[in-house]
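Listed in order, the protein sequences are those of chains D and R. Following the numbering used here, the numbering of the first sequence begins with 1 at its first residue and continues without gaps. Following the numbering used here, the numbering of the second sequence begins with 1001 at its first residue and continues without gaps. Written out below as structure tokens is the structure these notes cover.
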Amino acid sequence: MIGVAVPRREDRRLLTGAGTYLDDLDLPGCYEAAFLRSPHASARVLAMDTTAAKALPGVIGVWTGRDLADLVKPIPPKVTNPKLYDVPRYPLPPEYARFVGEPLAVVVATSRHIAEDALELIDVDYEVLPAIASTGAALAPDAPSVHDEVPGNVAVHLTQTAGDPETALATAPHRLRERFVVARGGGHSMETRGIAASVDRATGEIVVWPCTQSPHYTRNLIAYFCDVTEDEVRVVVPRDNGGGFGPKAQFHGEDAVVPYLARLLGHPVKWIEDRSENFVATMMERTQVHDVEVGFDDDGRLLVVKNVFQHDQGAYCAGLQVPTITLSTLPGQYRIPNIHTELIACYTNMVPTSSVRGAGRPQAVVAMERMMDRIAEHLGADPAQVRRVNLVQADQFPYQVGLTFRDGSPLTYDSGDFPALHEAVLDRFDYAGERDRQRAALAEGRLVGIGLGAYVEGCGLGPYEGARLRLRRDGTVLVTLAATPLGQGYETVYAQIAADGLGLDMRHITVATGDTASIPFGQGSFASRTTVTAGSATLQAARRLRERILDVAEVLLKTSAANLCFVDDRVCVVGEPDHGLTLTEIAQVANIGKHGITLPPGVNPGLETTSYFAPERAAYASGMHAATVEVDPETGQIRILRYVIGHDCGTVINPMLVDGQVLGGFAHGIGNALYEEPHYDAAGQPQTTSYLDYALPSAVEVPPVELVHLYTPSPLNPLGVKGAGEGGTIPVPATVANAVEDALRPFGARITSLPLTPAKIVAALTAG
Amino acid sequence: MPENTVGEDTHRITTTVNGVTQESVVDSRLSLADFLRHRLRLTGTHVGCEHGVCGACTVHLDGAAVRSCLMFAVQADGHTVDTVEGLANGDELSPLQESFARHHALQCGFCTSGFLMSAAEALREGPVDTPERAREVLSGNLCRCTGYAGLVSAVVEASDGGEGRG
């Protein structure tokens, strides 16, 4: 079934309103929580009076950070570095608020209405402190400190080099430099965050229902905060999860507070984030400022790239994954002998940074791909040709970039065919024809431009993911995964993979996800990693279960396993369809058994298999985008006239779903390129806190796309797959910005800051 | 004082939801979305933004698509409400629902009910037979997963198929 566009099993319930998301669970009598959040970007809590709030009828309790001493433990960063100046991030900080929206107290009441009424009765005395609301402000001389213990506000400063970049820059025939500012937006899953928890009195377990991308990570941290073993916490992610996109893979303060209070009260408690909270308190991916310099020869061949970038880490380091990915994504599809890439991550008084679809890659691609166009412009060359002479060639894989990956191994691309991808996209785009049409439009006085953008994406990251398969009493096979779906269609995709591994029709296979009691270890759905890791684990476990089923059948049918095959739900002797056993019969013997009766000799009971797949290193997906845009010089409006996406994610399990991932990622990239900007004022006050101010693209903003696929299997996993979840997003800001600058070239106008808003276009034209 | 008032902040309301008459006593401040979801347990209607922009909570009030997060339950007194749970004919999906599945117009599914209800109303009003028209019809709802391509195709196909019922 691998490679078949199988319709999704999930769709029927979702189309009929029968899906089950967190807030749909039946939790009779459940209390509801509401959080008091800091209205200041930087403040010290001098006093908090909760007396009136506690007295409100229906209020069960009110707790400040100082009341919950057990929770004054730092949430560790997800990805760290020995050089990181880490500062503790507490679920409910007892004294200092570091960003607007940081939770400082919690009310639990019999209804959300009452809990929110009580919030208004809490009296807080704040000492407002100076705030930092940009990387520039953070790094300015004599800037106030976001955290007293980190003077200068630098969270981490890391440099990676390959070759001898300084000498190469000094001797390069041509040099260009530019500063690019890339604002990134939030995840904006249509379902916000949320968590519910209860204590199961029968087992003593704290049962937690979060809408998370990472159930086991959530379980482990709740166990840490509640000071219990991980087996005393059971995380069950509702089977329908309304999107993730990165922030739901993080652990936020509320994720510790709600289970802790459910245990304290011995009563179910839930908190569903509302959208206004989501805008200020859910982590987002934030701005980077890139200073890029390139050295190249007369043919546009890259000799050296130097990129020094500031990264806004927000108020705390929830993890360094985003900037370290930026650090290693820079070289992209190009052979670059000398590289200097340098990260300065700083603390600011804004919500912490998490991965958001693309996770640090779109920023790196902006730095690299925009300079490729500048090189072409400088030489009077064609941007497609400048890329062509620099591409890593198909016979150079595995290709060592010269940098180090975040796991410490040499950064190595496993497979791909960048030249073929490049030409396939240009063909589909009719590049020469588009250039002719561009010239014709320019002759009519229209501002039309063409942009290209290429990228690589390290995906399918470790450490591992698991799958557990079991033959059930009704003869069906259950596939249990640790990773949770966020809309990708796991119930369909993993049944397809298991079907091929087992040699059994998909209709005998069911997929279950998201319950830590069903599979003990897991990482989660993020970093375009799950098909590689959980997919390979599913295939391995399925193949092993097939062997084990046939081993039992061999004994019962008195033949050899080599003579057996599956026919529908039966194991039969090859060529003798009447001579066989149903899977139900095999399950009856090997799994159910008869009370006190010895098994037939040679039958190994317990037909279940578990497999964990740990990739040796990241598999590299790649892609190239091409766009034609038209700019209205009066209004600054940008219209996308054509958009072609070339995408290579190796073997494709379900082409319909992969296309869906690419197109959805593309829409997210359009938001980043043209519309989305979580704006904070100089005092750190968020200014875009509703969908009236924050422009999430709708159907009229997202243009039609033409897709071109290349299939270069990865040698690093048995399926040959690579990730598909984020590639659609990654090069969109760079591609659109290149096209817009191409359109503005007659005026020499520069656009170096994303998103490309009409106001910026008009300003650039006025300045030009 | 309105005649349906029972207490200081509560009201007795009568609604017809998916063809069933419901007598309820509701708080003044209970939104129609919360009434449908938490009182009637019709959880197919979702709440995405609570300020009327995302459209996930779209239902039909006397046949017109409305944002149930922007209405109070008490405002539905005496009215007919239809939700996503009423779109299919028993086990048989409506042509629009079928078309959504065929064109992969949904991923996480959270926004889906709202898109179905908005599109069903538009199709009842007239044909949505071009991608451009479909994009306009769909532009009142937000989806973060699909990139809208499947939604556009699904609505156009449902229109071509003579979708009238929604």
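Think of the CB as a built atom: it goes at the ideal place given N, C-alpha and C, for glycine as much as any other residue.
For chain D, find out if any of its Cβ atoms is closer than 8 Å to the Cβ of alanine 1149 of chain R; answer yes or no.
On the second sequence, position 149 is the one that residue 1149 of chain R refers to. True, the Cβ-Cβ gap to chain D drops below 8 Å.
Would you verify that the beta carbon of glutamine 996 of chain R is, or is not, closer than 8 Å to some beta carbon of chain D?
A question about residue 996 of chain R goes unanswered here, because the residues of chain R that appear run from 1001 up to 1166.
Taking 8 Å as the CB-CB limit, is glutamine 1097 of chain R close to chain D?
Taking the second sequence and counting its residues from 1, one reaches residue 1097 of chain R at position 97. At least one chain D Cβ lies under 8 Å of glutamine 1097 of chain R.
In the DSSP assignment, the beta strand (DSSP E) including valine 208 of chain D goes from what residue to what residue?
Taking the first sequence and counting its residues from 1, one reaches residue 208 of chain D at position 208. 206–210 is the extent of the beta strand (DSSP E) around valine 208 of chain D.
Once DSSP output is grouped into helix, strand and coil, what is the label at phenylalanine 279 of chain D?
What you label residue 279 of chain D is simply residue 279 of the first sequence in a count that begins at 1. Correct three-state label for phenylalanine 279 of chain D: helix.
What are the uninterrupted segments assigned as beta strand (DSSP E) that are 3 or more residues long and contained completely in the segment 247–313 of chain D, given in chain order?
Listed in chain order, the complete beta strand (DSSP E) runs (minimum 3 residues) inside the segment 247–313 of chain D are 269–272 and 288–296.
For glutamate 1023 of chain R, count neighbouring C-beta atoms within 10 Å of its own C-beta (all shown protein chains included) and say buried if the count is 16 or more, exposed if not.
By one-based count along the second sequence, residue 1023 of chain R stands at place 23. That one is exposed.
For a test of the three-state rule: what should DSSP assign to leucine 550 of chain D, helix, strand or coil?
For the purposes of this step, residue 550 of chain D is identified with residue 550 of the first sequence, where counting begins at 1. Note: leucine 550 of chain D maps to helix in three-state DSSP.
Please list the partners that glutamate 18 of chain D has in chain R, where partner means a Cβ-to-Cβ separation under 8 Å.
For the purposes of this step, residue 18 of chain D is taken as the residue at position 18 of the first sequence. The sequence given here places alanine at residue 18 of chain D; glutamate does not occur at that position. Near alanine 18 of chain D (Cβ distances below 8 Å), the residues of chain R are Gly1044 and Glu1085.
Whole-angstrom Cβ separation of alanine 133 of chain D and tyrosine 680 of chain D, contact assumed at under 8 Å?
Here the question's residue 133 of chain D lines up with position 133 in the first sequence. Here the question's residue 680 of chain D lines up with position 680 in the first sequence. The pair is a contact, with the Cβ atoms about 5 Å apart (cut-off 8 Å).
Considering methionine 624 of chain D, what are the terminal residues of the beta strand (DSSP E) in which it resides?
Stepping through the first sequence from its first residue, residue 624 of chain D is reached at position 624. That run of the beta strand (DSSP E) goes 619–631.
Do threonine 712 of chain D and serine 415 of chain D have their C-beta atoms closer together than 8 Å?
Counting from one through the first sequence, the residue named residue 712 of chain D turns up at place 712. Counting from one through the first sequence, the residue named residue 415 of chain D turns up at place 415. In this structure, serine 415 of chain D lies closer than 8 Å to threonine 712 of chain D by Cβ.
If we count the other Cβ atoms within 10 Å of its Cβ and call it buried at 16 or more, is arginine 98 of chain D buried or exposed?
Reading the first sequence from its first residue, position 98 is the one you call residue 98 of chain D. Buried: at least 16 other Cβ atoms inside 10 Å.
What residue range does the beta strand (DSSP E) around arginine 201 of chain D cover?
In the first sequence, counting from the first residue as 1, residue 201 of chain D sits at position 201. It is not in any beta strand (DSSP E) - arginine 201 of chain D carries neither H nor E in the DSSP assignment.
Let me make sure I understand the geometry here. Which of D:Ala33, D:Val631, D:Gly101 and D:Arg177 has the alpha-carbon closest to that of aspartate 117 of chain D?
Here residue 117 of chain D refers to the residue found at position 117 when the first sequence is read from its first residue. Closest option to aspartate 117 of chain D, Cα to Cα, is D:Ala33.
For glutamine 321 of chain D, report the span of its beta strand (DSSP E) as first-last.
Looking up residue 321 of chain D in the first sequence gives position 321. Here glutamine 321 of chain D belongs to no beta strand (DSSP E); instead the alpha helix (DSSP H) covers 321–329.
So with CB distances below 7 Å, who are the chain R contacts of glutamate 741 of chain D?
To locate residue 741 of chain D, count along the first sequence from 1; it is residue 741. Simply none; closest approach about 25 Å.
Could you say which of D:Ile325, D:Val365, D:Ala618 and D:Gly684 lies nearest to threonine 735 of chain D if we only look at CA atoms?
Your numbering for residue 735 of chain D matches position 735 in the first sequence. With distances taken between Cα atoms, threonine 735 of chain D lies closest to D:Val365.
Do glutamate 1050 of chain R and aspartate 274 of chain D have their C-beta atoms within less than 8 Å of each other?
As a working note, residue 1050 of chain R is residue 50 in the second sequence. As a working note, residue 274 of chain D is residue 274 in the first sequence. Their beta carbons are under 8 Å apart, which means glutamate 1050 of chain R touches aspartate 274 of chain D by this criterion.
Name the chain R residues whose beta carbon is nearer than 8 Å to that of tyrosine 21 of chain D?
Position 21 of the first sequence, counted from the start, is the residue given in the question as residue 21 of chain D. Per Cβ cutoff of 8 Å: Thr1043, His1046 and Phe1110.
Check the Cβ-Cβ distances between leucine 1142 of chain R and every residue of chain D, and say whether any is below 8 Å.
Along the second sequence, read from residue 1 onward, the residue named residue 1142 of chain R stands at position 142. It does: the Cβ of leucine 1142 of chain R has a partner Cβ on chain D nearer than 8 Å.
Considering only the alpha carbon of each residue, which of D:Pro57, D:Thr80, D:Ser38 and D:Pro77 lies closest to threonine 64 of chain D?
Locating residue 64 of chain D in the first sequence gives position 64, where the first residue counts as 1. Taking only the C-alpha atoms, the option nearest threonine 64 of chain D is D:Ser38.
Chain R beta carbons: is any one of them nearer than 8 Å to that of alanine 699 of chain D?
Taking the first residue of the first sequence as position 1, residue 699 of chain D is located at position 699. Chain R contact via Cβ: present.
According to DSSP, proline 686 of chain D sits in a beta bridge with which residue or residues?
Indexing the first sequence from 1 puts residue 686 of chain D at position 686. According to DSSP, which records beta bridges pairwise, proline 686 of chain D is partnered with D:Tyr680.
How long is the line joining the alpha carbons of serine 198 of chain D and serine 714 of chain D, rounded to whole angstroms?
By 1-based counting over the first sequence, the position of residue 198 of chain D is 198. By 1-based counting over the first sequence, the position of residue 714 of chain D is 714. So the two alpha carbons sit approximately 43 Å from each other.
So with Cβ pairs under 8 Å, would you call threonine 212 of chain D a contact of chain R?
One-based indexing of the first sequence puts residue 212 of chain D at position 212. For threonine 212 of chain D, the answer is no, since every Cβ of chain R falls outside 8 Å of its Cβ.
Is valine 705 of chain D close to chain R? Criterion is C-beta to C-beta, closer than 8 Å.
Counting from one through the first sequence, the residue named residue 705 of chain D turns up at place 705. For valine 705 of chain D, the answer is yes, since a Cβ of chain R falls inside 8 Å of its Cβ.
Could you give the uninterrupted runs of the alpha helix (DSSP H) lying entirely in the segment 324–390 of chain D, keeping only those of 4 residues or more?
List check, alpha helix (DSSP H) in window: 361–379 and 383–390.
Would valine 322 of chain D and asparagine 307 of chain D be called neighbours here (beta carbons separated by less than 8 Å)?
Numbered from its first residue, the first sequence carries residue 322 of chain D at position 322. Numbered from its first residue, the first sequence carries residue 307 of chain D at position 307. Not closer than 8 Å, so no.
Compile a chain-ordered list of the residues in the segment 610–622 of chain D whose CB is closer than 7 Å to at least one CB of chain R.
Flagged: no residues at all.
In this structure, how does DSSP classify phenylalanine 747 of chain D when only helix, strand and coil are distinguished?
Here residue 747 of chain D refers to the residue found at position 747 when the first sequence is read from its first residue. In the structure shown, phenylalanine 747 of chain D sits in a helix (DSSP, three-state: H, G or I).
Alpha carbons only, please: which of R:Gly1063, R:Leu1061 and R:Thr1015 is nearest the one belonging to leucine 1040 of chain R?
Residue mapping note: residue 1040 of chain R aligns to position 40 of the second sequence, counting from 1. Of the listed residues, the one whose Cα sits closest to leucine 1040 of chain R is R:Thr1015.
At 8 Å on the CB atoms, spell out the chain R contacts of histidine 647 of chain D, in chain order.
In the first sequence, residue 647 of chain D corresponds to position 647, counting from 1. Ordered by position in chain R, no residue passes the 8 Å Cβ test against histidine 647 of chain D, which lies about 13 Å from the chain.
Along the alpha helix (DSSP H) that carries glycine 501 of chain D, what are the first and last residues, could you check?
Within the first sequence, numbered from 1, the residue matching residue 501 of chain D stands at position 501. From DSSP, the alpha helix (DSSP H) with glycine 501 of chain D extends over 490–502.
Assuming threonine 530 of chain D contacts valine 479 of chain D (C-beta within less than 8 Å), just tell me the rounded distance between them.
The sequence position of residue 530 of chain D within the first sequence is 530, counting from 1. The sequence position of residue 479 of chain D within the first sequence is 479, counting from 1. 13 Å between Cβ atoms; not a contact.
Would DSSP call alanine 572 of chain D helix, strand or coil?
In the first sequence, residue 572 of chain D corresponds to position 572, counting from 1. Note that residue 572 of chain D is cysteine in the sequence shown, not alanine. In the structure shown, cysteine 572 of chain D sits in a strand (DSSP, three-state: E or B).
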